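Please read the structure below before turning to the comments.
In mature numbering (1 follows the signal peptide of the UniProt record, and there is no 0), the protein residues as written are -22 to -1, 1 to 700.
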């Protein structure tokens, strides 16, 4: 926790002598203590290496001073409170929102956002998924009234009697599994630690008779401290027995950076098998395994080079594999529990125009198999759809869903019906009921409503041409009748990495505030994502990462060329991997942007893999140990690209003390260098929250406060009035 140390900071300032003050006047004094390191014959100097030590009292004092300066600026912006009040009022007035549906024991379990709760809850409904019957089982606000305890994930037992939940605090994503009785809400004696962490995530799958569960487990005292967020394995816990008696199942031969996901859907379908998906870091390469529940045998289905990116089990013991080997947009293969190996699989659905979505950290299953149909989630350039096939692979058309949406989940419920959840830019989360017998979709009361209306707005698909001629899609959100006079404040958002696709999503009150202040919003589909399949991702990864930055610059120039805005009214926004994008945007094309907001970002590519989660990122970015990858990384590394005397945009960065995905030191160092070197006269601010991590699990008031901070910053820097 950061604590104010004014005396220590005063002594720090006095003791650091003659180092020049920063070019961004009024910032806390930051001494440079250069440290040099040579990689493949290239000498790299790091002036602020000392800021990497989070426990150093000098670093704590420096961070406190940066935070105090930023808060003084934000708290004197009248519009900051206006924005926060708008966001909070909209949150409190929205309807409950339901997601993550699981059919178990004849009931439907779901996660629900119930305003004004600080955290989502988990509860249960009847088999028809009628929200009037929803009953809360786990409410983190009751466990922790401060709002700092969150549910990482939850899985009901097949008989519906029990609920396994991973709980963590303060946005750490450092989760322990607790088991609750679904009728009484009482916690049982089964508590399983070390099941979840940001490095490789975590998951759990129940045994068919609900007597125990398989779970992901990180090392404990049997390994050195440095290893304890790596080497994830699969273990089995039998209910009512101590954790010390849990049984090892698989993982000793998995990579150090294995990210394991257990599929419980097959258990609820047939009770014969559980799938294990193993990703090699964050690079999109997977192995697939299956646990035969009868024999307990673990069998490998596919290896990394087989390019099987997802798997699903049907109720008939058939196993469906999404393969991208010689099919970058994906094809569907079919094998069986009896002969699960990919070598024995047959092609069921050939590659088509759409991209069959793969296994990933975010989003629902890409393939949902029932006795009567296969539902396949596909994407074309960002928006998505659901294609329906017969069990033998014959096409039956697409579900009749609105255009320009993202389908987040397709979930079986009672009587063979399906719940189809989707999002769009201009309407809140919708849940439709699909009845295969009639082929019709009907609205349900599970859909969300919002007091925020975008009836006067439109989402327009467009594209830009990148430096190498690649066409890059984008979606422009604007009020109808927007004048293309080059005067509209415009905010361009980007991510571009890990094969994660930028899909339509409802952004609610903050986007409404931006548009009301005269703004235009642009969402980009950059290379590095998965919008057009494996090739689109690979063209923005490793030594091709520069393509992502070129794509973003091309979109930024295009919105200027189209008459939306000018560089004096253009801003950029991104977070995490998108924070790296922001760092590249402000250092490679500083003249394009008036302001940049970068959240929980990566900036020093020469140091990123030294952090626990950084090792998982090597498959996406590369390693300094490889000469070609090192030179590529150094060529765009934002921290090394900052130069004295350059007119950088106004910058707002935010990070969380408990971030287990991106080291907060990345933001500290980048801010120090920008403050020292910028010549634009525009401010450079750093906000550090001791109640947040990477963003997952933060309480509502923390998340809305952070959003209000950067929106108010943008309104101020672009001269906008709300």
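For every residue, glycine included, the Cβ atom is placed at its ideal position computed from N, Cα and C.
The structure presented is a predicted model; accordingly, all values stated were derived computationally and were not measured.
- Cβ atoms of residue 249 and residue 136 come within 8 Å of each other, at about 7 Å.
- With a minimum length of 4 residues, the unbroken runs of alpha helix (DSSP H) contained wholly in the stretch 101 to 147 fall at 118 to 121.
- The secondary-structure analysis by DSSP pairs residue 154 across a beta bridge with 145.
- DSSP, reduced to helix, strand and coil, places residue 268 within a strand of the structure shown.
- Counting of Cβ neighbours within 10 angstroms places residue 587 among the buried residues, the total reaching 16 or more.
- Annotation for residue 694: the continuous alpha helix (DSSP H) segment containing it runs 678 to 695.
- Contact between residue 388 and residue 357 does not hold, since their C-beta atoms are separated by about 14 Å, which reaches or exceeds 8 Å.
- Residue 213: not part of any alpha helix (DSSP H); member of the beta strand (DSSP E) spanning 211 to 216, first to last residue.
- Taken in chain order, the complete alpha helix (DSSP H) segments of 4 or more residues contained in the stretch 573 to 643 are 590 to 599, 605 to 614, 616 to 619.
- Taking a C-beta distance under 8 Å as the contact criterion, residue 434 and residue 458 qualify as a contact pair.
- Residues of the same chain with a CB within less than 8 Å of the CB of residue 22, apart from the 5 flanking positions on each side, are 14, 15, 16, 584, 612, 618 in chain order.
- When C-alpha distances from residue 304 are compared across 124, 287, 67, the shortest belongs to 287.
- For residue 174, DSSP records a beta bridge to 153.
- Excluding five sequence positions before and after residue 633, the CB atoms of its chain that fall closer than 6 Å to its own CB belong to 578, 642, 645, 666, given in chain order.
- By the C-beta criterion, the stretch 67 to 76 is judged to be in contact with the stretch 91 to 109, since at least 3 inter-stretch pairs fall below 8 Å.
- Selection 582, 692, 165, 167 evaluated against residue 561 yields 582 as nearest (Cα-Cα).
- Unbroken alpha helix (DSSP H) runs of no fewer than 4 residues, entirely contained in the stretch 47 to 87, are found at 56 to 71, following chain order.
- The straight-line gap separating the alpha-carbon atoms of residue 624 and residue 528 is approximately 20 Å.
- As computed with DSSP, residue 192 is found in a beta bridge with 183, 214.
- For residue 647, the three-state secondary structure derived from DSSP is helix.
- Across the structure, residue 442 and residue 449 are spaced so that their CA atoms are roughly 6 Å apart.
- In terms of CA proximity to residue 313, 327 leads the group 306, 307, 327.
- In this structure, residue 506 lies near residue 475, with their beta-carbon atoms less than 8 Å apart.
- Counted as a single uninterrupted DSSP element, the alpha helix (DSSP H) harbouring residue 513 occupies residues 512 to 516.
- A distance below 8 Å between beta-carbons, with the five flanking residues on each side excluded, links residue 34 to the following residues of its chain, in chain order: 28.
- Minimum Cα-Cα distance from residue 85 among the listed residues 125, 140, 36, 75 corresponds to 140.
- Secondary structure of residue 439 (DSSP, three-state): strand.
- Contact between residue 62 and residue 496 fails: their C-beta atoms lie close to 20 Å from each other, not under 8 Å.
- The C-alpha of residue 315 lies about 10 Å from the C-alpha of residue 279.
- With distances taken between CA atoms, residue 359 lies nearest to 509 out of 614, 567, 2, 509.
- Boundaries of the alpha helix (DSSP H) harbouring residue 565: 555 to 566, taken from the DSSP string.
- In the structure shown, residue 382 falls within a coil segment according to DSSP collapsed to helix, strand and coil.
- Taking a 10 Å sphere around the C-beta of residue 226, we find fewer than 16 other C-beta atoms and assign the residue as exposed.
- Counting C-beta pairs closer than 8 Å gives fewer than three between the stretch 174 to 183 and the stretch 158 to 165, which falls short of the contact rule.
- In the structure shown, residue 199 adopts coil according to DSSP, grouped into three states.
- Ranking 194, 600, 102, 488 by CA distance to the CA of residue 144 puts 194 first.
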